[in-house]
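First up is the structure itself, then whatever we jot down about it.
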Amino acid sequence: MSAAAPRKSSLQALLDKQAAPPAPEPVQVAEAESVKPEKAAKPKFSRPSREGTKFVGGHFPPKVAKELKLLAVTEDTSTQALLEEAIDLLFVKKGRGRIIHPERA
Numbered sequence: 408m409s410a411a412a413p414r415k416s417s418l419q420a421l422l423d424k425q426a427a428p429p430a431p432e433p434v435q436v437a438e439a440e441s442v443k444p445e446k447a448a449k450p451k452f453s454r455p456s457r458e459g460t461k462f463v464g465g466h467f468p469p470k471v472a473k474e475l476k477l478l479a480v481t482e483d484t485s486t487q488a489l490l491e492e493a494i495d496l497l498f499v500k501k502g503r504g505r506i507i508h509p510e511r512a
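When we follow this note's numbering, the leftmost residue of the sequence shown carries the number 408, and every step to the right adds one.
Right, here's the structure in full:
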């Protein structure tokens, strides 16, 4: 049988720990400033029906949006078509003439 190692007292374990060399400090890796990983270029999504057009919009109370949608359903058309009609009528009223192309109206 092999002889068991003598058991250390808690005082001896503490003394051994203090005598051991200190653990090295963790090394902090400096991050490069303002270096971001490059993103892969995504192809820009576009709708062919929107080519040659610009977005025109506004913020209105929710009731206005709801009524416009209800009118579109009632008229069996789209809010886009109703807005085109309204803008066209506004320009006629202001003496600018019709601006919406007849094939779109």
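Ideal Cβ placement from N, Cα and C applies to all residues, glycine included.
Because the structure is a prediction, the values reported are computed rather than measured.
Residue i to residue j span [Cα, whole Å]
i: K461; j: E445; result: 31 Å
i: F452; j: G502; result: 38 Å
i: R505; j: T484; result: 20 Å
i: L496; j: T486; result: 15 Å
i: V480; j: A472; result: 13 Å
i: A493; j: K500; result: 10 Å
i: E432; j: D423; result: 20 Å
i: H474; j: R457; result: Note on residue identity: the sequence assigns Glu, not His, to residue 474. If you take the alpha carbons of E474 and R457, they lie about 25 Å apart.
i: F498; j: H466; result: 20 Å
i: A448; j: R454; result: 19 Å
i: Q429; j: A420; result: As written in the sequence, residue 429 is Pro, which differs from the Gln given in the question. When rounded, the distance between both Cα atoms is 15 Å.
i: V434; j: A426; result: 23 Å
Cβ-Cβ distance between residue i and residue j below 8 Å
i: Q489; j: L478; result: Before going further, note that residue 489 is Leu rather than Gln in the sequence given. Cβ atoms of L489 and L478: closer than 8 Å.
i: E482; j: I507; result: no
Exercise for review: Any chance you could list the beta strand (DSSP E) runs of at least 3 consecutive residues sitting entirely within the segment 417-474, in chain order?
Suggested key: Complete beta strand (DSSP E) runs here, min 3: none at all.
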